[in-house]
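Chains as they are written, first to last, in our numbering: chain A, 193 to 422; chain B, 302 to 514.
Using N, Cα and C, we set each Cβ at its ideal position, and we do this for glycine too.
Every value quoted in this text rests on a predicted model; they were computed, and no experiment measured them.
Data block below; observations after.
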């Protein structure tokens, strides 16, 4: 298998991430859309609910997490769509690269352009919920772990639905059950932090879930992409 | 000139046995077989919808066959997928390049995916009529020029096997002649090619034909 003419193992991974970042830089609209969605949904909420500090602190973590999940779903739909339509997905499948690594690269670049900016933006949003400092730190940590999981799990669904027209609703149906544990533990952990309770259990769970997704999702995505390209 | 790996050292073989493909309730082909050596062209002919692209995709490993076995150098392509794909380069209906990136950026991405020979890149771009277009976004090129960029990928890839699906589409007379010339050179240097086309191809090389109905 390791013939000398095969390209080095991580060349493809680096090339995909680099290209996707270049593309995101050329078309910032695609990157900013889910981010705007996240910011708008979570800042409108305090305006609608009212300025009652107690109620805001109660609802804040849940609202932020739901908005983050929906923003991820919004951007996941187009994860493989452009590559599928312009034929570059075909070229990637026919390259001498390990497909799971290419799938991992797509998830990583998705997180870099959608998950990471969301994590960085989230403390600003948390201010509108009057979230205490410790809870804000915990929220950033949980969101970081959670958005990585979303990008990885989402790539499976995106890979399966890429060949279908209007696979949007189907993608949500496929991904949401897998994303539920992340949502529940993520929001709950932030609530516990706001109440000055222990948070390590929740963080451990999110970390473990993230690792599980990291090890399994690229293989599932590679298989899904092969099926949708038949 | 081209520097094809394996041109002088090894002769490669591509063979298919008992190939059967059914789409829906229609049998596109049955018990098809072929054996191709270095320097040969396999031309898949037939009217629209006869399964030319399906056969080509099956050979590449993109589509599954109902039955049959495709072997590259006597190894099943399923088992040696990475080795097989290291030796082939694909030209499909879509160009497989990003519209927002320039020609250079697109080719740099390709070089990350597969082994590419970039030493003669400039010369080849001039030959393909792409010199001076290297900093323009791919989407701003004409359909024919986009086809020529896809040809640049074929030329620079260090691949013995070319799989081409209707390579003459969108090309002007000079471009079509260029495809013939490049193909001739590729075959003479020990490469091989499987092409689906409904245009007759005149070549000084061994041409095998599969006609689908």
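Anyone know if the C-beta pair for residue i and residue j falls short of 8 Å?
i: residue 422 of chain A; j: residue 365 of chain B; result: yes
i: residue 345 of chain A; j: residue 415 of chain A; result: no
i: residue 372 of chain B; j: residue 316 of chain B; result: yes
i: residue 493 of chain B; j: residue 451 of chain B; result: no
i: residue 222 of chain A; j: residue 231 of chain A; result: no
i: residue 415 of chain B; j: residue 387 of chain B; result: yes
i: residue 351 of chain B; j: residue 510 of chain B; result: no
i: residue 327 of chain A; j: residue 413 of chain B; result: no
i: residue 343 of chain A; j: residue 307 of chain A; result: yes
i: residue 385 of chain B; j: residue 369 of chain B; result: no
i: residue 417 of chain B; j: residue 475 of chain B; result: no
i: residue 466 of chain B; j: residue 357 of chain B; result: yes
i: residue 333 of chain B; j: residue 320 of chain B; result: yes
i: residue 218 of chain A; j: residue 401 of chain B; result: yes
i: residue 397 of chain B; j: residue 491 of chain B; result: no
i: residue 312 of chain B; j: residue 375 of chain B; result: no
i: residue 332 of chain A; j: residue 315 of chain A; result: yes
Once you ignore the five residues that flank residue i on each side, which residues in its own chain have a CB closer than 6 Å to its CB?
i: residue 375 of chain A; result: 257, 261
i: residue 413 of chain A; result: 295, 347, 348, 351
i: residue 305 of chain A; result: 216, 223
i: residue 252 of chain A; result: 321, 323
i: residue 263 of chain A; result: 226, 229, 230
i: residue 242 of chain A; result: none
i: residue 233 of chain A; result: 259
i: residue 366 of chain A; result: 349
i: residue 198 of chain A; result: 288
i: residue 306 of chain B; result: Bear in mind that the predicted position of residue 306 of chain B carries a pLDDT of just 49, short of 50, making it unreliable; the figure below should be weighed with that in mind. Once the five neighbours on either side are set aside, the close Cβ partners of residue 306 of chain B are 459.
So which of the options has the shortest CA-CA distance to residue i?
i: residue 295 of chain A; options: A:282, A:280, A:205; result: A:205
i: residue 460 of chain B; options: B:499, B:473, B:383; result: B:383
i: residue 485 of chain B; options: B:358, B:511, B:506; result: B:506
i: residue 473 of chain B; options: B:497, B:345, B:448; result: B:448
i: residue 428 of chain B; options: B:456, B:377, B:333; result: B:456
i: residue 345 of chain B; options: B:395, B:355, B:479; result: B:355
i: residue 246 of chain A; options: A:383, A:365, A:332; result: A:383
i: residue 539 of chain B; options: B:499, B:504, B:503; result: Limits of chain B in this structure are 302 at one end and 514 at the other, which puts residue 539 of chain B out of reach.
i: residue 395 of chain A; options: A:233, A:288, A:337; result: A:337
i: residue 323 of chain B; options: B:469, B:333, B:367, B:376; result: B:367
i: residue 403 of chain A; options: A:340, A:219, A:370, A:310; result: A:340
i: residue 410 of chain B; options: A:203, A:254, A:356, A:218; result: A:203
i: residue 400 of chain A; options: A:411, A:420, A:373; result: A:373
i: residue 392 of chain A; options: A:334, A:299, A:213; result: A:334
i: residue 389 of chain B; options: A:288, A:274, A:275, A:279; result: A:288
i: residue 331 of chain B; options: B:318, B:464, B:339; result: B:318
i: residue 386 of chain A; options: A:370, A:309, A:409, A:254; result: A:254
i: residue 379 of chain B; options: B:421, B:360, B:394; result: B:360
i: residue 479 of chain B; options: B:376, B:425, B:491; result: B:425
i: residue 411 of chain A; options: A:201, A:313, A:419, A:293; result: A:293
i: residue 270 of chain A; options: A:356, A:397, A:370; result: A:356
i: residue 483 of chain B; options: B:463, B:327, B:353; result: B:463
i: residue 347 of chain B; options: B:405, B:421, B:497; result: B:497
i: residue 371 of chain A; options: A:268, A:329, A:420; result: A:268
i: residue 395 of chain B; options: B:508, B:471, B:487, B:419; result: B:471
Near residue i, which residues of its chain fall below 8 Å by C-beta distance, leaving aside the five closest residues on each side in sequence?
i: residue 266 of chain A; result: 225, 226, 229
i: residue 446 of chain B; result: 430, 431, 434
i: residue 244 of chain A; result: none
i: residue 432 of chain A; result: Past the edges of chain A, shown from 193 to 422, lies residue 432 of chain A, and the structure says nothing about it.
i: residue 417 of chain A; result: 272, 281, 285, 291, 295, 351, 354
i: residue 403 of chain B; result: 435, 436, 437, 438, 439
i: residue 209 of chain A; result: 297, 300, 301, 304
i: residue 390 of chain A; result: 384
i: residue 250 of chain B; result: For chain B, the structure presents residues 302 to 514; residue 250 of chain B sits outside this window and is missing.
Looking at the C-beta of residue i, does it have a partner C-beta in chain C at a distance below 8 Å?
i: residue 416 of chain A; result: Included in the structure are the protein chains A and B, with no chain C among them.
Which residues in the same chain have their Cβ closer than 7 Å to the Cβ of residue i, if we skip the five residues on either side of it in sequence?
i: residue 501 of chain B; result: none
i: residue 238 of chain A; result: 248, 320, 321
i: residue 469 of chain B; result: 477, 480, 498, 500
Self-check item: Residues from the stretch 278 to 297 of chain A in contact with chain B, defined by Cβ distance under 7 Å
Solution: Answer set for the stretch 278 to 297 of chain A: 278, 279, 280, 282, 283, 284, 285, 286, 287, 288, 289.
Quiz item: Going along the stretch 306 to 329 of chain A in order, which residues come within less than 9 Å of chain B, judged by CB to CB distance?
Solution: Here the close residues number zero.
Quiz prompt | Ordered list of beta strand (DSSP E) runs contained in the stretch 333 to 400 of chain B, each at least 3 residues | solution = With a minimum length of 3 residues, the continuous beta strand (DSSP E) runs that stay inside the stretch 333 to 400 of chain B are 341 to 346, 368 to 373, 389 to 392.
Quiz prompt | Members of the stretch 216 to 236 of chain A near chain B, C-beta cut-off 7 Å | solution = Look at the stretch 216 to 236 of chain A: the residues with a C-beta under 7 Å from a C-beta of chain B are 218, 219.
Exercise. Only counting runs of 3 or more residues, tell me where the beta strand (DSSP E) segments fall wholly within the stretch 403 to 469 of chain B, in order along the chain.
Key: The qualifying runs are 462 to 466.
Self-check item: Within 9 Å of chain A by C-beta, residues of the stretch 453 to 473 of chain B in sequence order
Solution: Those residues of the stretch 453 to 473 of chain B that come within reach of chain A (Cβ to Cβ, closer than 9 Å) are 454, 459, 464.
Quiz prompt | Cβ-based contacts, 9 Å cut-off: residues of the stretch 353 to 372 of chain A near chain B | solution = Contact annotation: in the stretch 353 to 372 of chain A, no residue has its CB less than 9 Å from a CB in chain B.
Exercise. Taking only beta carbons into account, state which residues of the stretch 369 to 390 of chain B come closer than 9 Å to chain A, listed in chain order.
Key: For the stretch 369 to 390 of chain B, the residues whose beta carbon sits under 9 Å from a beta carbon of chain A are, in order, 381, 382, 383, 384, 385, 386, 387, 388, 389, 390.
Quiz item: Name the residues in the stretch 249 to 263 of chain A whose C-beta lies less than 9 Å from a C-beta of chain B; which are they?
Solution: Listed by position, the residues of the stretch 249 to 263 of chain A near chain B (Cβ gap below 9 Å) amount to none.
Self-check item: beta strand (DSSP E) segments (min. 3 residues) lying fully within the stretch 274 to 332 of chain A
Solution: The stretch 274 to 332 of chain A is shown to contain no whole beta strand (DSSP E) run of 3 or more residues.
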